[in-house]
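Below: one structure, written as structure tokens.
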Amino acid sequence: MEPLERYRPIIDDFEAFRAACERPLGIAVRVNTIKADVDRAMATLDEDGIPVEQADWNPRVLRLETNAPGSTWASFHGFIHTQEEVSAVPPVVLDPEPGDRVFDACAAPGGKATQLAALLDDRGTVVANDNNLGRLSALRFNAERLGATSLAVTNQDARNFSFNPLAFDAFDHALVDAPCSCEGTIRKNPTTLEEWTLDHVHSVAGIQKGILKRAVQATKPGGTVVYSTCTFAPEENEAVVQHALGTTDCHLVDIDIGLESVPGITEWQDETYEGSLEKAIRIYPHHNDTGGFFVAKLEVGSA
Amino acid sequence: MSDGDSSDGESNVGQRFDRLPATASERVVAGRATRAEVLEYFEDRFEIPPETFDEYTFWEKGAGKIWIFSGESPSPAPVEAIGMTCLRTRQEHWKPTTDFVQRFGRQANACVIDIEREAARRFVCGEDQSLEWDGDWGYLIVAHEIAGEREPIGVGLYLHGELRSTVPKGRQREL
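Residue numbers (UniProt numbering), protein chains in the order written: chain X, 1 to 303; chain W, 1 to 175.
Shown next, in the form of structure tokens:
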């Protein structure tokens, strides 16, 4: 937990934050509306004998009282997908429409890519990319179980993503759910901070900047790009978005998600960030009893 | 030129996705199923209306593995996956996949065998079982009732009074 101490100056109720980080996380699933609507998924879980509570902010997110959501008829039929509650936030913020061309730059193991497909009513194209071929097999398994027919899966370094394999040369929307130091997953993986180093934070931030920059370039003017991580480190969050603001043609827009959160920060140690970074959101574990997340929404072109 | 090069048309390339030709007159790769044949198979065998697939394209990767896709793509498509696998062709009896049947099998009106909860549980574990069935033998859509509606589970092979589960190992579950 020691690495979290450095966030004391930026987190208002630091003791509540620390206490929440030490509590295990509940099980949440997302209803896969490609195969079942929310009522049918809930009725199936009821037959499975599993108590269910809908999330206030999103009726498609369910909190379950079970340790084995995968051993249910609802899961076997692909009506639900186990996905941390805050992990369902970025696709909802991106808000694509049926028919859109959507890029998921770091898509494996596919929870968000299949959520994007569901938001498209499975009509359109989700380019689900990941540089890790092994993790792509998990993505493909999930996509098939969930019945997603709108995914095209690519295996590229997102920093140099090429449109060569595709039928078009710009996306309507892009999601960069970046590889990160994963501090916000501590409730799910209590050992996640054991190998934490500031060097790793800086090195992964370099990769994040490259991926976000390419994603903005690959999105058409007026399109949106959502950048998210499951970490608290400003080096991987506000600093990465600030880099995109400085090197590409885009600006931040407001996020309205219905979850408790605080604005992105504009000062960290001896760094300062643009005032518009307050449009990004930081979701801390004590806010909504979830994992931690950072989400920023960018629009391509000038404001 | 390699030994596999044929003078009477293009050959199937195993590592990329090629869109199925619409009909036999447009076929250039020997043995490749056509879109018309795929729609005819789903209609003849399972009475799935062909218009179900109006907004989808079909693709082959490898010899006989057919994928269904709702997005945009050039052909050939040099990608890792395109939509989902739906059908195995280039063998005497074509076989739909478990995941295709779960996704589109609700449209079927023929060759659907309804089984009880306990039989369904065994089917999903990968067990073969003796069952009565008056219809055609061969690959069937196996369904059960869940939350008040019929729901396809997967594909069974019915032969000699026995329903064999074809649920892939990685999809099998103890429920």
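All C-beta atoms, glycine included, are put in the ideal place defined by N, C-alpha and C.
Judged by DSSP secondary structure, C21 of chain X falls within the alpha helix (DSSP H) whose first and last residues are 14-22. At the C-beta level, L87 of chain W and V142 of chain W stay beyond 8 angstroms of one another. According to the DSSP assignment, S75 of chain W belongs to no beta strand (DSSP E), since it is labelled neither H nor E. The segment 83-133 of chain X is shown to contain whole alpha helix (DSSP H) runs of 4 or more residues at 89-94, 111-119, in chain order.
For R40 of chain X, the neighbours in chain W by C-beta distance under 7 angstroms run, in chain order, A147.
DSSP places I211 of chain X in the helix class (H, G or I) of the three-state scheme. Neighbours of S71 of chain X in chain W, taken as residues whose beta carbon is under 8 angstroms from its own, are R173, E174, L175 in chain order. DSSP, read as helix, strand or coil, puts Q107 of chain W in helix.
Along the UniProt domain "DUF7122" (7-83) of chain W, the alpha helix (DSSP H) occurs as fully enclosed runs of 4 or more residues at 35-46, listed in sequence order. A233 of chain X places its beta carbon 8 angstroms or farther from that of L252 of chain X. The beta-carbon of R103 of chain W is placed less than 8 angstroms from the nearest beta-carbon of chain X.
Membership of A43 of chain X in the alpha helix (DSSP H) is indicated by the continuous run 38-47. Nearest CB-CB separation between A33 of chain W and chain X: not below the 8 angstroms threshold. By the 16-neighbour rule on beta-carbons within 10 angstroms, T224 of chain X is buried. Each of X:V176, X:L151, X:G147, X:T149 was checked against the Cα of F161 of chain X, and the nearest Cα belongs to X:V176. Rounded to the nearest angstrom, the gap between the Cα atoms of A244 of chain X and V226 of chain X is 12 angstroms.
By the Cβ neighbour-count rule, L198 of chain X is exposed, with fewer than 16 other Cβ atoms within 10 Å of its own. Collapsing the DSSP output to three states places E149 of chain W in a strand. Residues are counted here when their Cβ sits less than 8 angstroms from a Cβ of chain X; for the segment 146-165 of chain W these are I146, A147, G148, E149, E151, I153, given in chain order. Distances from the CA of A174 of chain X to each of X:G258, X:T290, X:C106, X:G246 were compared; the closest alpha carbon is that of X:C106. The way I'd put it, the segment 36-51 of chain W does touch the segment 94-113 of chain W; three or more beta-carbon pairs between them come closer than 8 angstroms.
Put simply, of X:G78, X:W196, X:F103 the residue whose alpha carbon is nearest the alpha carbon of F141 of chain X is X:G78. Proximity of chain W to K35 of chain X at the Cβ level (cut-off 9 angstroms) is accounted for by Q102, R103, in chain order. Proximity of G170 of chain W to chain X, defined by a Cβ-Cβ separation below 8 angstroms, is satisfied.
Contacts between S70 of chain W and chain X, judged by CB atoms closer than 7 angstroms, involve D122, R123, T149, S150 in chain order.
Around the C-beta of N109 of chain W, fewer than 16 other C-beta atoms lie within 10 Å, and the residue is accordingly described as exposed. Close CB contacts of E65 of chain X within its chain, under the 6 angstroms cut and outside five residues either way in sequence, are with P51 (chain order).
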